[in-house]
Amino acid sequence: MMKRFFLTLAAFATLGALAQSPTLTIYSGRGQSLVEPLVKQFEAETGIRVQVRYGNDAQILAALQEEGARSPADIFWANTAGALGQASAKGLLRPLGDTLLKKPVAFVPASKTWVPVTMRLRVLAYNPNRIKAEELPESLLDLPRFAREKGLVGRVGWTPTYSSFQDMVAGMIALHGEEKTREWLLAMKALSPKAYPSNPAMLDAIRAGEVDLGSTNHYYVVRFRRAGYRLGMHHFRDGDAGNLALVTGAGILKTSKNLAAATRFLTFLLSPQAQQYFVGNIGEYPLVKGVVLDPNLLPLEEALAKSPKLDFEKLPLDRALRLLRETGVL
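In terms of this note's numbering, the sequence shown opens at residue 103 and continues consecutively.
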């Protein structure tokens with residue numbers, strides 16, 4: 103009887119410890135299928151329970167503003183630096199210490215309210231059976247002219263509803279202004295491009311011969327190549343908007359009541375094992391030293407040099423969305 107009593111006490115003690123341990127709440131703009139295994143790994147290694155709310159960056163920003171001080175969120179893990187910049191400008195994020203901020207090799211924001219975690223590059227995916235690599239234009243701005251000259255009207259794909267495409271348009275505005283970007287969008291529309299809801303859908307269409315090319319994120323091409331498909335990947339000249347770096351990152355919200363756990367999670371995202379996960383499982387570029395890159399990718403220094411030098415916290419996303427609507431692309 104006494105033995106059973108002590109077993110019951112032990113069970114209650116375990117339940118009590120679980121009940122008292124805080125739950126880390128993450129609002130993630132990163133896709134569940136991409137990052138959930140990493141979240142589970144963090145839970146297993148630390149014993150910290152994690153609850154994740156998934157959505158796109160715009161949805162999460164809207165939710166955070168609506169919830170205000172009542173928000174249960176500890177961390178905003180975003181798909182784009184622009185969204186983190188907006189969160190910072192709205193006063194939603196806490197300043198971070200140098201211990202975290204000194205880990206990434208690039209893209210550390212002036213606001214010091216979030217850490218860059220990984221990088222994707224915009225590239226041009228194409229069907230190498232239909233297009234020769236040496237013929238491709240050196241600038242994204244020249245893509246409409248190239249497509250017309252090669253008889254590719256109706257053979258171009260794009261993803262105007264996808265956040266990375268919208269970031270690229272914002273990058274074009276930052277580099278070239280609204281009028282030149284408007285001209286580019288209208289010239290692209292004149293090609294009768296086929297719109298796809300996602301990058302994998304567009305790349306599958308390129309693979310199947312439905313279209314011949316489309317601007318995408320580099321890691322989607324990497325994944326299709328790993329699956330055995332033959333797809334071309336073209337980088338424009340250094341500094342071109344078509345090579346825009348898309349930086350993912352995370353920050354701790356001012357509403358967080360679990361600062362120690364939140365800091366531990368950001369530290370984990372910048373650890374060698376997490377960074378290697380991003381490289382091996384997603385195909386992204388790491389942003390800390392000591393991580394083995396996919397040999398099919400450009401070295402990190404070369405990849406960084408491809409992107410235009412912009413303040414990634416201040417990409418004019420609102421202006422890009424307005425322009426996409428005005429031109430009828432959205």
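We treat Cβ as the ideally placed atom computed from N, Cα and C, and that holds for glycine.
Whose CA, out of 168, 419, 161 and 314, lies closest to the CA of residue 256? It is 314.
Extent of the continuous alpha helix (DSSP H) to which residue 276 belongs: Looking at the DSSP string, the run of the alpha helix (DSSP H) that includes residue 276 is 265 to 278.
Could you pull the DSSP bridge partners for residue 370 from this structure? DSSP lists no beta-bridge partner residue for residue 370.
Straight-line gap, residue 422 to residue 428 (C-alpha atoms, nearest Å): Near 10 Å, if we compare the C-alpha coordinates of residue 428 and residue 422.
Quick one: which unbroken beta strand (DSSP E) runs of 3-plus residues sit fully inside the segment 198 to 269? Chain order, please. Counting whole runs of 3 or more residues, the segment 198 to 269 contains the beta strand (DSSP E) stretches 217 to 228 and 258 to 260.
Alpha-carbon to alpha-carbon, residue 269 and residue 279: Whole-angstrom Cα-Cα distance: 14 Å.
Just checking, does the segment 218 to 238 make contact with the segment 335 to 350 on the three C-beta pairs under 8 Å criterion? The segment 218 to 238 is in contact with the segment 335 to 350.
Between which two residues does the beta strand (DSSP E) containing residue 315 stretch? Start and end: 315 to 319.
CB residue 194 to CB residue 216, shorter than 7 Å? Contact annotation: residue 194 and residue 216 have beta-carbon atoms that are not nearer than 7 Å.
Between the Cα of residue 403 and the Cα atoms of 431, 340, 383 and 365, which residue gives the shortest distance? Here the closest residue by C-alpha is 340.
Between residue 357 and residue 175, how many whole angstroms is the CB-CB distance? I'm expecting something under 8 Å. Correct: roughly 6 Å between the Cβ atoms.
Does residue 356 come out as helix, strand or coil in the three-state DSSP assignment? It is coil, neither helix nor strand.
Beta-carbon separation of residue 265 and residue 319 under 7 Å? No, Cβ-Cβ distance for residue 265 and residue 319 is not below 7 Å.
Should residue 420 go down as buried or exposed, given a rule of 16 or more other Cβ atoms within 10 Å for buried? Using a 10 angstroms sphere on the CB of residue 420, the tally of other CB atoms stays under 16, which defines it as exposed.
Coarse secondary structure for residue 350, derived from DSSP in three states: Residue state, collapsed to three classes: strand.
Spatial neighbours of residue 153 within its chain, please: C-beta separation below 8 Å, excluding the five flanking residues on both sides. 125, 126, 127 and 128.
Using a Cβ-Cβ cutoff of less than 8 Å, which residues in the same chain neighbour residue 281 once the five nearest sequence positions on both sides are dropped? Taking C-beta separations shorter than 8 Å and ignoring five residues to either side along the sequence, residue 281 has no partners in its chain.
Buried versus exposed call for residue 205 [16 or more other C-beta atoms within 10 Å across all chains shown]: Buried: at least 16 other Cβ atoms inside 10 Å.
Specify the secondary structure class of residue 418 as computed by DSSP and reduced to three states. Reduced to three states, the DSSP call for residue 418 is coil.
Short Cβ contact (7 Å threshold) for residue 258 with residue 305: Their beta carbons are not under 7 Å apart, which means residue 258 does not touch residue 305 by this criterion.
Report the option in 317, 326 and 188 whose CA atom is closest to the CA atom of residue 310. 326 is the residue among 317, 326 and 188 whose C-alpha sits nearest the C-alpha of residue 310.
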